[in-house]
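> Here's a structure for you.
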Amino acid sequence: MTNGSRVIKALIIAAAVFAPAHAGFSAPQSLRSMITGSVTSQPIGHYEFCKALPQECDVRGRPMMPAKVTDHGWTVIRDVNASVNHAIVPMTDAQIYGREEVWAYPVDVGDCEDFVLLKRKKLMEAGFSAGDLLMTVVRKPDGEGHAVLTVRTQSGDFVLDNLNDEVKLWSETRYSFLKRQSSTDSGRWVTIENGTADVLVGALQ
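Using mature numbering (1 follows the signal peptide of the UniProt record, and there is no 0), the letters of the sequence shown correspond one by one to residues -23 to -1, 1 to 182.
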């Protein structure tokens, strides 16, 4: 392979992995859904949240296929993502509570986990299953930790993010995906096996 060919291939791979959702890119089936692995550690903030509100974390269910989302459902998902993003002022836990890792339903201010909790609550109230609405821990390109909401659908796993009003397929973001809530137990967390950049690029080669 010539140097020119290698450069072209690298550009194609980069464009595929990081293409915005509205660009018409269709991810291969292997990248449309996350592959989850073993049970892993529950974030301390979520553990404390579950202690305070145990009813939020005791949802159990059998493994099921994700739901097929209707056009109306997609409208609801996009509206919830954008409306919560604009209703809540981003602030750190240190600024709000004077300490780190406090997960709570926000009223007017909150950090990324609080945005996720509120979006999850609103979508459940709209009729979405808890097993398809999963809090997810990611790492941003700069290495900073972050939380987003994953919505499982038959079309793939989509991300609701307080840093972006656009709902994107998870593999079209620039995040590394580390772990998320189990789809069968809202109090457990599982690893994400195909969530790093090298795995995503490898799937396109």
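Ideal Cβ positions, reconstructed from N, Cα and C, are used throughout, including at glycine.
Go ahead and pull the three-state DSSP assignment for Trp51.
Residue state, collapsed to three classes: helix.
> State the DSSP-derived secondary structure class of Phe92, mapped to helix, strand or coil.
Helix.
> Would you give the residue range spanned by the beta strand (DSSP E) that Glu143 belongs to?
For Glu143, the uninterrupted beta strand (DSSP E) segment begins and ends at Asn141 to Leu146.
> Any chance the stretch 148 to 167 sits against the stretch 74 to 82, with 3 or more Cβ pairs inside 8 Å?
no
> When DSSP labels each residue in this structure, what does Pro31 get in the three-state scheme?
helix
> Ends of the beta strand (DSSP E) at Gln158?
Ser153 to Gln158
> Beta carbon of Phe154, beta carbon of Trp80: below 7 Å?
Trp80 is positioned such that its CB atom lies no closer than 7 Å to that of Phe154.
> Using CA coordinates, which residue listed in Asp70, Tyr24, Ala71 and Trp51 is at the minimum distance from Thr130?
Trp51
> Taking the alpha-carbon positions, what's the Phe2 to Glu102 distance?
Low confidence applies to Phe2: its pLDDT is 43, below 50, so where it sits in the model is not reliable enough to give any reading.
> Counting pairs of Cβ atoms below 8 Å between the stretch 56 to 65 and the stretch 132 to 142, do you hit three or more?
yes
> What does DSSP give as the partner residues of Met112 in its beta bridges?
Leu126
> What's the gap between the Cα of Ser163 and the Cα of Val125?
15 Å
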